[in-house]
Amino acid sequence: MATPPDDETLLLDLNQAFYRAFAGRDAEQMATIWAKAAPVCCIHPGWPPLFGRDAVLEGWRRILQNPAQPPLEMLAPRVTLWGDVALVTCFERVEGQYLIASNLFVREGKGWKLSHHQAGPVATPPPGGASNDETDPDLDDLDDMDDDDEDDDDDLPPGSGTIH
1 MATPPDDETL
11 LLDLNQAFYR
21 AFAGRDAEQM
31 ATIWAKAAPV
41 CCIHPGWPPL
51 FGRDAVLEGW
61 RRILQNPAQP
71 PLEMLAPRVT
81 LWGDVALVTC
91 FERVEGQYLI
101 ASNLFVREGK
111 GWKLSHHQAG
121 PVATPPPGGA
131 SNDETDPDLD
141 DLDDMDDDDE
151 DDDDDLPPGS
161 GTIH
């Protein structure tokens with residue numbers, strides 16, 4: 001079943017808005033993106049899970065108000081849609097290091113809202129991510145990544161010390 005283009009576009013736009021709120025340190029905008037009716041959870045690298053809207057938004061306020069928080073760039077978002085639930089996976093670049101992120105969106109009313117965010121270290125940067133010449137990897141290159149290799153976890157890095 002093909003993803004309806006309208007939903008995919010809306011989800012990519014909302015995912016981008018999430019990262020714009022992060023980059024702009026905009027706690028009010030961040031709050032509009034998170035679900036109000038659905039349960040929410042957020043797992044920042046090195047943090048315990050935050051459960052519930054209040055705890056999640058307080059965690060984001062702390063991050064957004066932290067003057068030492070380095071800039072973050074989102075790369076290569078991909079949408080997977082299952083009816084009223086959607087997953088956007090993407091890479092995050094922070095101070096030359098890469099994280100992999102999953103953002104789970106749920107339909108609330110006629111729109112989409114973020115229900116879960118998790119980011120953590122990734123052993124391999126996105127295609128083109130290690131080059132200074134190409135900062136936005138080709139999404140087609142991601143399809144070439146072998147996700148059936150069961151021995152890929154041998155080279156996973158230790159836990160990240162980043163504050164996001």
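Final position of the sequence shown in full-length UniProt numbering is 164; the numbers increase by one with none missing.
From the three backbone atoms N, C-alpha and C, an ideal C-beta is built for every residue, glycine too.
In the structure shown, N103 falls within a strand segment according to DSSP collapsed to helix, strand and coil. In the three-state reduction of the DSSP assignment, R53 falls in the helix class, which pools H, G and I. Per DSSP, the unbroken alpha helix (DSSP H) holding T32 starts and ends at 27 to 33. In terms of CA proximity to V122, G96 leads the group L114, G96, V106.
Between L64 and A17 the beta-carbon gap is near 14 Å, outside 8 Å, which marks them as no contact. P121 has L99 as its beta-bridge partners, per DSSP.
Counting only residues of its own chain and dropping the five nearest sequence neighbours on each side, R78 has a CB closer than 6 Å to the CB of T89.
Where A86 is concerned, the enclosing beta strand (DSSP E) starts and stops at 85 to 94.
By the neighbour-count criterion, in which 16 or more other beta carbons inside 10 Å mark a residue as buried, F105 falls on the buried side. In the structure shown, G111 adopts extended strand secondary structure according to DSSP, grouped into three states. Assigned with DSSP and collapsed to three states, W60 falls in helix.
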